[in-house]
Structure formats: structure tokens, C-alpha cells
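Protein chains in written order, with my numbering: chain A, 1 to 143; chain B, 1001 to 1143.
Number of protein chains: 2
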Amino acid sequence: MHKTHNNSKQRKAVLEAIRSTDTHPSVRWIHEQVKTKLPGISLGTIYRNIKVCREEGSVVSVGVVNNEERFDGIVEPHPHAVCTKCGRIIDIDDLPEAENIHLSGFTVDKRRTVFYGTCVQCCRAGKNLLAQFGRLRKGFSHN
Amino acid sequence: MHKTHNNSKQRKAVLEAIRSTDTHPSVRWIHEQVKTKLPGISLGTIYRNIKVCREEGSVVSVGVVNNEERFDGIVEPHPHAVCTKCGRIIDIDDLPEAENIHLSGFTVDKRRTVFYGTCVQCCRAGKNLLAQFGRLRKGFSHN
DNA sequence: GTGCTTGCAAACGCTTTGCAAGAGT
DNA sequence: ACTCTTGCAAAGCGTTTGCAAGCAC
């Protein structure tokens, strides 16, 4: 049931790289970073290890910016600020209340709140059954 | 300066399709929907018209769910709920305060707030100059 | 005619995956 | 041995784009 993991040096390096920064890095950044320590590491290995880390809960995705998924080693949910010019993602730990904050110089254009969870239809349906089905690439049809 | 738009029937149909639903449709959905009225319309045209509509401000993106960008004809920012099982995106107009809401049956797992705007570095830099540069696909490097 | 728009198909870019070889226990 | 993991390369898939033809004014 519980998969035993080898905890290869590659996996450790990936997790370490993600935890070493607060820039919410992309796969490309992580790859470049890890390559300085393990020059031979391949992109596929980065992807696969990020996936494992996410399943383990040691890494979360903070969304897609400019076509690249961005990751965080701080897994506790917290607000972020995304610069629409350069793509920087900044942690916002002490959530300000006004719309027009200027947190450390960050000027807010718009604010988006997203709740993640389970909708009525999926709540009703058998959990495991629909869960698997719904996660299939082409399976779902958001109607 | 101000581009004159033809407002082709294709463009109208795309905008109409997006406005016809509250499901925050994907390109695929929009294409299928518009094809029932304009069977010959191509995917590229859907993409190009969505782009124009976004630049005009008549359509906004509400994010990427399961690899597909999702759009909204209601351009005023408002919170959304994303079902992690089936990918549904639901409008939340009356924002509840607690974490454990059960709005119309939607059970919240986690909540994410994202601010979009301009970071210090980009604020300092000349607006137009860096703005263009920063938006380039490969140009930026979120450090 | 001029400039915006379209359909088509090819290209792009990020991500995933099949496979045979390698590592860890 | 057995299982997990890796590097490589190819494939997948959503999205973008070059181009010649079409449309609207």
C-alpha cells in the first residue's frame, strides 16, 4: 500500500532546490539549479520527482504563470502576489485588508480568491469512483 | 493607434458562446459550442478571438484547470470555487467568511488568494520598457 | 484597395511516458 | 532478487503562428 521510496540523491536535490528559495521556482529553474550539483540530471527526472514530492505533500503547486507551473516548498496555504510584468511570485504572510496595498512596494491590480474542493455533483457521486474518473485528462467535461 | 475591428460573425459567436454559460468554459468547449452554429470555424480562430476579446476587456481568464485555460464573460473580479475532482468552476458571489463553507454543497479543501500587480523591481524600472520585456515568453527569470 | 480575419497546417513549449539500464536495500 | 529510479528520446497536448485566400468597409 505505502510505496517505499528510494530517496535517491536526485530526489533529495530536487526537494532541496525547491526549499532553498522563496521564488516559487519553475521546473526550468529547478533543473538549472540541480544541474550545478548533479550535472547529468535529466528534465524528466525533475518532473517525476516533483510529482512524487507533491504526492508526498512536501511540495505544492502555486499555479501557472506564463505557461510554467510554479512550486513551493512551504505547503501551508498562504496568499501570493504575482507580478504581471516579470512573473515574480511573492509570499504575502500578513494579509492586508485593503485592495490597494503597497506591500513591500507591490502594487495590486486585482485580487483573486479561489476555493479548491469538491462540488455537489462529485460529493454525491461515489468518492473513489468519480475521483479517479474525474482526474483523467480527457475524461471530465465541466458542464 | 486604436485598431478597428471587423467584428466578424466568428468573433461575435465566440463572445456569445462565452457569455452564454456560467461554466467558465475552455477553448475546447467554446470551439464545440460555436461549431454548432459555424461548422467550419477553426480552432485557431477561437484562440485568436479569445485573445482579442481579452485585450478588449470583454473576456478574462480565470486560470488553468487540468491544463486548460478557462474563461469568463463576467469580467468583474470575483471569487471562484474549483472542484478538484471534475474541474468545475463555480462562481462565489457572496463570499462566506469561514474556511469550512458548504456553499450549495461545495466543500472547501483549501483556499488560495492571489494578488496580481506590479512588484517593486518592475515598479522601479521604466514602465513600458520592462513591461514589454517582461512579457516575452522566454525573457523573464523570476529571481 | 487596404487592413483585419479566416482556415489550414506546421511549429512551439511545457509536460509526460516507454524503455532499457542503473541503484538501493 | 526485487523494486524503485534514472537518462534518453519520443510522444502528447494545449496553444501559437506563417501564409495565402477571403471579407468588410
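All C-beta atoms in this analysis are idealised placements derived from N, C-alpha and C, irrespective of residue type, glycine included.
Since the structure is predicted, the reported quantities are computational estimates derived from the model, not experimental observations.
His-24 of chain A beta carbon less than 7 angstroms from that of Arg-54 of chain A: Taking the first sequence and counting its residues from 1, the one referred to as residue 54 of chain A is at position 54. Taking the first sequence and counting its residues from 1, the one referred to as residue 24 of chain A is at position 24. Cβ atoms of Arg-54 of chain A and His-24 of chain A: not closer than 7 angstroms.
Exposure label - Phe-1115 of chain B; buried when at least 16 CB within 10 Å: One-based indexing of the second sequence puts residue 1115 of chain B at position 115. The residue in question, Phe-1115 of chain B, is buried, as its Cβ has 16 or more Cβ neighbours within 10 Å.
Own chain partners of Asn-49 of chain A with C-beta closer than 7 angstroms, once the 5 adjacent residues on each side are dropped: Position 49 of the first sequence, counted from the first residue, corresponds to residue 49 of chain A. Excluding residues within five positions, the ones whose Cβ falls inside 7 angstroms are Gln-10, Arg-11 and Val-14.
Contact belief for Gly-117 of chain A with Thr-1107 of chain B at Cβ below 8 angstroms, rounded distance in angstroms: For the purposes of this step, residue 117 of chain A is taken as the residue at position 117 of the first sequence. For the purposes of this step, residue 1107 of chain B is taken as the residue at position 107 of the second sequence. Right, the Cβ-Cβ distance comes to about 5 angstroms (below 8 angstroms), so this counts as a contact.
Helix, strand or coil at Ile-50 of chain A [DSSP, three-state]: Looking up residue 50 of chain A in the first sequence gives position 50. Ile-50 of chain A: helix per DSSP, three-state reduction.
Whether Pro-79 of chain A touches Thr-1113 of chain B by CB criterion (7 angstroms): Position 79 of the first sequence holds residue 79 of chain A. Position 113 of the second sequence holds residue 1113 of chain B. Cβ atoms of Pro-79 of chain A and Thr-1113 of chain B: closer than 7 angstroms.
Closer than 7 angstroms at the beta carbon, the chain A residues around Phe-1071 of chain B: Residue 1071 of chain B sits at position 71 when you count from the first residue of the second sequence. Result: empty, since nearest Cβ-Cβ is about 12 angstroms, beyond 7 angstroms.
Where Gly-105 of chain A falls: helix, strand or coil (DSSP): Here residue 105 of chain A refers to the residue found at position 105 of the first sequence. It is coil, neither helix nor strand.
Nearest-angstrom beta carbon gap, Val-1065 of chain B and Val-999 of chain B [assumed within contact, 8 angstroms]: There is no way to answer for residue 999 of chain B, as the model of chain B reaches only from 1001 to 1143.
Beta-carbon proximity of Val-1062 of chain B to Ile-1046 of chain B, cut-off 7 angstroms: Taking the first residue of the second sequence as 1, we reach residue 1062 of chain B at position 62. Taking the first residue of the second sequence as 1, we reach residue 1046 of chain B at position 46. No.
Sub-7 angstroms separation of Arg-88 of chain A and Cys-1123 of chain B beta-carbons: Mapped onto the first sequence, residue 88 of chain A falls at position 88. Mapped onto the second sequence, residue 1123 of chain B falls at position 123. Taking 7 angstroms as the Cβ cut-off, Arg-88 of chain A and Cys-1123 of chain B do not qualify as a contacting pair.
Test: Arg-152 of chain A CB closer than 7 angstroms to a CB of chain B: Because residue 152 of chain A is not part of the residues shown, which for chain A are 1 to 143, the question remains open.
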